[in-house]
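Report on the following structure.
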Amino acid sequence: MLRFAVAVVLLTVLIGTRASRAPPLPVTEASLHKTASSLEKFVDELPMLPKLYGYKKLNGKPIPASLTIGMYAKKWVSPTPIQEEIRMNR
(Lines of atoms letter the chains of each structure in order from A and count residues from 1; the text may use other names and numbers.)
(Lines give C-alpha, C1' and ligand atoms only; values in the text may rest on other atoms or scores of the structure.)
Protein backbone atom coordinates (compact mmCIF):
# COMPACT_ATOMS: atom_id res chain seq x y z
CA MET A 1 0.00 0.00 0.00
CA LEU A 2 2.88 2.37 0.81
CA ARG A 3 4.49 1.73 -2.58
CA PHE A 4 1.21 2.50 -4.29
CA ALA A 5 0.88 5.80 -2.40
CA VAL A 6 4.47 6.78 -3.27
CA ALA A 7 3.86 5.89 -6.92
CA VAL A 8 0.68 8.00 -7.00
CA VAL A 9 2.49 10.97 -5.42
CA LEU A 10 5.41 10.70 -7.86
CA LEU A 11 3.05 10.38 -10.81
CA THR A 12 1.09 13.42 -9.64
CA VAL A 13 4.28 15.46 -9.24
CA LEU A 14 5.56 14.44 -12.68
CA ILE A 15 2.27 15.22 -14.39
CA GLY A 16 1.98 18.53 -12.54
CA THR A 17 5.45 19.71 -13.48
CA ARG A 18 5.06 18.68 -17.12
CA ALA A 19 1.68 20.42 -17.41
CA SER A 20 2.90 23.66 -15.82
CA ARG A 21 5.69 24.13 -18.39
CA ALA A 22 4.54 25.98 -21.45
CA PRO A 23 6.25 25.08 -24.70
CA PRO A 24 8.76 27.72 -25.83
CA LEU A 25 7.61 30.23 -28.39
CA PRO A 26 8.98 29.76 -31.89
CA VAL A 27 11.83 32.12 -32.78
CA THR A 28 11.08 34.07 -35.91
CA GLU A 29 12.88 36.84 -37.73
CA ALA A 30 10.17 39.28 -36.59
CA SER A 31 10.50 38.32 -32.92
CA LEU A 32 14.29 38.68 -33.11
CA HIS A 33 13.95 42.11 -34.74
CA LYS A 34 11.43 43.21 -32.11
CA THR A 35 13.72 42.10 -29.28
CA ALA A 36 16.80 43.69 -30.85
CA SER A 37 15.06 47.01 -31.49
CA SER A 38 13.87 47.20 -27.88
CA LEU A 39 17.39 46.90 -26.46
CA GLU A 40 19.18 50.04 -25.34
CA LYS A 41 22.29 50.80 -27.34
CA PHE A 42 25.49 51.25 -25.33
CA VAL A 43 27.84 52.00 -28.21
CA ASP A 44 29.50 55.41 -28.09
CA GLU A 45 30.38 57.37 -31.18
CA LEU A 46 34.02 56.95 -32.14
CA PRO A 47 36.10 60.14 -32.07
CA MET A 48 37.91 61.33 -35.15
CA LEU A 49 41.42 59.88 -34.93
CA PRO A 50 44.43 61.13 -36.84
CA LYS A 51 45.71 58.92 -39.64
CA LEU A 52 49.17 57.47 -39.23
CA TYR A 53 50.90 56.80 -42.49
CA GLY A 54 53.70 54.24 -42.56
CA TYR A 55 55.14 55.74 -45.69
CA LYS A 56 56.33 59.03 -47.10
CA LYS A 57 56.70 60.16 -50.69
CA LEU A 58 60.04 60.64 -52.35
CA ASN A 59 59.97 61.83 -55.96
CA GLY A 60 56.26 61.02 -56.06
CA LYS A 61 56.76 57.39 -55.00
CA PRO A 62 55.83 55.99 -51.61
CA ILE A 63 58.75 54.71 -49.54
CA PRO A 64 58.72 53.24 -46.01
CA ALA A 65 58.87 55.74 -43.19
CA SER A 66 59.53 55.28 -39.51
CA LEU A 67 56.71 55.78 -37.09
CA THR A 68 57.29 56.98 -33.56
CA ILE A 69 54.31 56.00 -31.50
CA GLY A 70 54.47 56.83 -27.84
CA MET A 71 52.65 58.34 -24.96
CA TYR A 72 52.70 61.95 -23.93
CA ALA A 73 54.26 62.85 -20.59
CA LYS A 74 51.74 62.25 -17.86
CA LYS A 75 52.13 62.59 -14.12
CA TRP A 76 50.27 59.53 -12.85
CA VAL A 77 50.73 59.84 -9.10
CA SER A 78 51.35 62.75 -6.83
CA PRO A 79 54.99 63.08 -5.79
CA THR A 80 56.05 61.62 -2.47
CA PRO A 81 58.02 63.79 -0.04
CA ILE A 82 61.25 62.05 -1.10
CA GLN A 83 60.58 62.67 -4.79
CA GLU A 84 59.76 66.29 -4.04
CA GLU A 85 63.05 66.69 -2.14
CA ILE A 86 65.02 65.15 -5.01
CA ARG A 87 63.33 67.47 -7.48
CA MET A 88 64.09 70.53 -5.35
CA ASN A 89 67.80 69.61 -5.01
CA ARG A 90 68.42 69.32 -8.75
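For the sequence shown, the residue numbers in mature numbering (1 follows the signal peptide of the UniProt record, and there is no 0) are -19 to -1, 1 to 71. Glycine included, C-beta positions come from ideal geometry on N, C-alpha and C. These numbers come from a predicted model, not from an experiment.
Kindly indicate which residue of A17, I50, L(-9) and L13 has the alpha-carbon position closest to the one of P31. Translated into the one-based positions of the sequence shown, residue 31 becomes position 50. The shortest C-alpha separation from P31 is found at I50.
Under the DSSP definition of a beta bridge, which residues are partnered with K38? For the purposes of this step, residue 38 is taken as the residue at position 57 of the sequence shown. BP columns for K38 point to P43.
Is the beta carbon of G35 less than 8 Å from the beta carbon of P28? As a working note, residue 35 is residue 54 in the sequence shown. As a working note, residue 28 is residue 47 in the sequence shown. Not in contact: G35 and P28 (Cβ atoms no closer than 8 Å).
Cutoff 8 Å; reference L6; Cβ partners in own chain excluding five residues on either side: Position 25 of the sequence shown, counting from 1, holds the residue named residue 6. These residues qualify, in order along the chain: S12.
Between the C-alpha atoms of G41 and V8, what's the straight-line distance to the nearest angstrom? Within the sequence shown, the letter at position 60 stands for residue 41. Within the sequence shown, the letter at position 27 stands for residue 8. Taking the straight line from one Cα to the other gives about 58 Å.
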